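K.L.:
Once you've had a glance at the structure underneath, I'll fire off some questions.
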Amino acid sequence: MLHTIKQYFNRKGLRDPEYEFLFEPYTGEEAVSFDCETTGLDVHHDEIISIGAVRIRGNQILTSEKLELFFNPQQEMRVESIKIHHLLTCDLVDGVPLEEGIRQFLNFIGNRPLVGYYLEFDVAMVNRVLKPMLGITLPNRQIEVSGLYYDKKIAAIPQGNVDLRFDSIMHDLDLPPFAKHDALGDAIMTAMMYVKLQHIKYLEKF
58 MLHTIKQYFN
68 RKGLRDPEYE
78 FLFEPYTGEE
88 AVSFDCETTG
98 LDVHHDEIIS
108 IGAVRIRGNQ
118 ILTSEKLELF
128 FNPQQEMRVE
138 SIKIHHLLTC
148 DLVDGVPLEE
158 GIRQFLNFIG
168 NRPLVGYYLE
178 FDVAMVNRVL
188 KPMLGITLPN
198 RQIEVSGLYY
208 DKKIAAIPQG
218 NVDLRFDSIM
228 HDLDLPPFAK
238 HDALGDAIMT
248 AMMYVKLQHI
258 KYLEKF
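Residue numbers for the sequence shown follow this note's numbering, beginning at 58 and rising by one.
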């Protein structure tokens, strides 16, 4: 009930009827895995520098249906974030304008569910741009892979500790990691986790 009320008021805030489709109930079989790279980890002050997204249909990761966007930030990137994504300000000078990129992202995801690793942060970063731009926050259903993994792991080791680090989950699921941790690569690896977790009842292996 609370979710329905929130969605009602969220939709009422929409300032561009072109994006009404975001609020329509989704009845298909696809989801979208996405990831953001940012100038830092402060959702209130840092900026998105890259978005990677890929569609999932059933057990298939549709790498031919992907989106990769780069943005030129207005602030310097923090050293800690550069060590992760290896992007420098000079690498982003030809990036698309942020609002234009967010519109491309909305058209790519449609009203499909969103899949991510610590998805709350990525959604919050998008919403920080989306709210002043269109008057809404992302209404899509959100699926957190670390939560899916935890539920299946803790069922086998109820008194144990569950390692939720990205690389640890990939290793435990016996999935091949990509050498480069960029937004699109992380989105594809997250999609791999999601697809495999759909077919596992519980995880005994450490």
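In this text, a Cβ means the ideal position worked out from N, Cα and C, and glycines have one as well. Model, not experiment: these values are computed from the prediction.
#1: May I ask you to list the residues that DSSP assigns as paired with Lys123?
#2: Can you tell me whether Tyr65 is buried or exposed, with buried defined as 16 or more other CB within 10 angstroms of its CB?
#3: How many angstroms separate the CA atom of Lys140 from the CA atom of Met58?
#4: Can you tell which of Pro74, Ala181 and Gly115 has its C-alpha closest to the C-alpha of Val89?
#5: Below 8 Å between beta carbons: does that hold for Asp92 and Ala244?
#6: Three-state secondary structure (DSSP) at Gly158?
#7: Under the three-state reduction of DSSP, which class applies to Ile105: helix, strand or coil?
#8: Phe91 bridges to which residues according to DSSP?
#9: Does the ligand HEM have a heavy atom nearer than 7 Å to the CB of Cys93?
#10: Report the partner residues of Leu117 according to the DSSP bridge assignment.
#11: Count the other CB atoms, across all protein chains shown, that sit within 10 Å of the CB of His142; report buried if there are 16 or more and exposed otherwise.
#12: Just to confirm, is the Cβ distance from Val172 to Val202 under 8 Å?
#13: Any idea what DSSP makes of Val153, helix, strand or coil?
#14: Once you ignore the five residues that flank Val252 on each side, which residues in its own chain have a CB closer than 7 Å to its CB?
#15: In whole angstroms, give me the CA-to-CA distance for Gly204 and Ala248.
P.N.:
So, to answer that:
#1: Among the bridge pairs identified by DSSP, Lys123 is matched with Val111.
#2: Its Cβ having fewer than 16 others within 10 Å, Tyr65 is exposed.
#3: A caution first: Lys140 carries a pLDDT of 48, below 50, which makes its placement in the model unreliable, though a value can still be read off. The alpha-carbon atoms of Lys140 and Met58 are separated by roughly 43 Å.
#4: Gly115
#5: yes
#6: helix
#7: strand
#8: Paired residues: Ala110.
#9: Absence of the ligand HEM is noted for the structure shown, with no ligands found whatsoever.
#10: The displayed chain sequence assigns Gln, not Leu, to residue 117. Answer is Arg114.
#11: In this prediction, His142 has a pLDDT of 49, which is less than 50 and means its spatial position is unreliable; nothing more can be read from the coordinates.
#12: yes
#13: strand
#14: Here the set comprises Ile113, Asn116 and Ile118.
#15: 14 Å
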